[in-house]
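First residue of the sequence shown: 1, per full-length UniProt numbering; consecutive thereafter. Notes follow once the structure below has been shown.
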Amino acid sequence: MIGLIIADKHELNKIRWSEKEEVTKNGFDFIVYEVNGQDVVVSHSGIGVVKAAACIQEMISSFGVKKVYNYGAVGADSTLNVFDLVTPKKIYFHDVITPWYPRGQVPGDVQFYINNLRIPGVKNNPIASGMKFISSEEDVQEIQKDLVVSIFDMETAGMAQIAYNNNVDLYVLKCVSDIIGKDSSRLGDINYRITEAGKIAFQRTMELIDEATKNA
């Protein structure tokens with residue numbers, strides 16, 4: 001079975017797959033669809049690395065998924081452009097800081113996590129996640145003193161850590177919604193760009209899962 005953790009719960013309404021069942025487990029809603037004869041379970045995690053980690057663990061424990069797809073909007077530094085698609089090759093926590101390990105490494109864990117998704121022609125700049133919303137060039141520069149990363153969100157590393165612990169493959173596709181410190185910081189503008197970036201990543205992810213289920 002394949003899993004999909006979505007960025008925006010409203011995008012559930014856009015899924016055109018054949019629905020089989022809907023269940024709630026430990027606060028998370030899961031919908032099982034049939035896609036090309038294969039089961040795909042979908043959930044919306046909510047915001048933050050803790051919710052993302054809890055959601056993917058529940059999905060793995062309850063449904064036995066071996067592959068999980070995730071997509072969403074991210075902020076980026078000036079090496080990227082708005083609405084660029086990215087398959088980040090390395091995934092870090094930007095707010096894990098200890099005296100004994102490199103920044104981003106949870107003690108006793110790997111230094112970074114791997115994204116299993118590669119798409120020819122799509123950039124693979126690394127991503128950093130944490131419970132702080134990265135909103136200024138100063139934030140970016142402070143993180144980049146220690147980590148070679150270009151995009152930022154609040155969920156991916158939480159999912160990646162749990163996927164790694166469970167030996168589950170994670171496939172991550174992100175779309176740049178804003179260049180941090182450069183684009184308008186008005187809430188309305190930010191929400192518009194996040195919505196548009198989410199649509200782009202959503203459509204491509206639907207295509208990827210369609211291809212994966214056909215080849216299963």
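Glycine included, C-beta positions come from ideal geometry on N, C-alpha and C.
Under a 10 Å Cβ-count criterion, Val-168 is classified as buried, with 16 or more other Cβ atoms of the shown protein chains found around its own Cβ. Only residues of its own chain outside the window of five on either side were considered, and among them Gly-181 have a CB closer than 6 Å to the CB of Glu-137, listed in chain order. Counting the other CB atoms within 10 Å of its CB gives His-10 a total below 16, which places it among the exposed residues. The shortest CA-to-CA distance from Ser-18 to any of Asn-124, Asp-189, Ile-31 and Ser-135 is the one to Ile-31. For Glu-138, the enclosing alpha helix (DSSP H) begins and ends at 137 to 144. Of the residues assessed, Asp-189 falls on the exposed side of the cut-off, its CB having fewer than 16 other CB atoms within 10 angstroms. Fewer than three pairs of CB atoms, one per stretch, sit closer than 8 Å, so the segment 97 to 110 makes no contact with the segment 75 to 85. For Gly-130 against Phe-93, the beta-carbon gap comes to about 6 Å, under 8 Å, which counts as contact. Within the segment 21 to 77, the beta strand (DSSP E) runs of at least 3 residues that lie entirely inside it are, in chain order, 28 to 35, 38 to 44 and 67 to 76. Going by beta carbons, Ile-209 and Ile-2 fall inside the 8 Å limit. The beta-carbon distance between Val-42 and Thr-213, rounded to whole angstroms, is 13 Å. This is too long to meet the 8 Å contact definition. Taking C-alpha positions only, Val-110 is separated from Asn-165 by approximately 10 Å. Scanning its chain for C-beta atoms nearer than 6 Å, with the 5 sequence neighbours on each side dropped, one finds around Tyr-113 the residues Ile-91, Ala-160 and Tyr-164, in chain order.
The residues Asp-95, in chain order, have a CB closer than 7 Å to that of Lys-132 in the same chain once the five nearest residues on each side in sequence are set aside. Residue burial annotation: Glu-155 is buried, with at least 16 other C-beta atoms found within 10 angstroms of its C-beta. In the three-state DSSP reduction, Lys-123 falls in the strand class (E or B). Between the alpha carbons of Ala-157 and Glu-196 lies a gap of roughly 23 Å. Around the beta-carbon of Thr-24, fewer than 16 other beta-carbon atoms lie within 10 Å, marking it exposed. By the beta-carbon neighbour count (other beta carbons within 10 angstroms, threshold 16), Gln-57 is buried.
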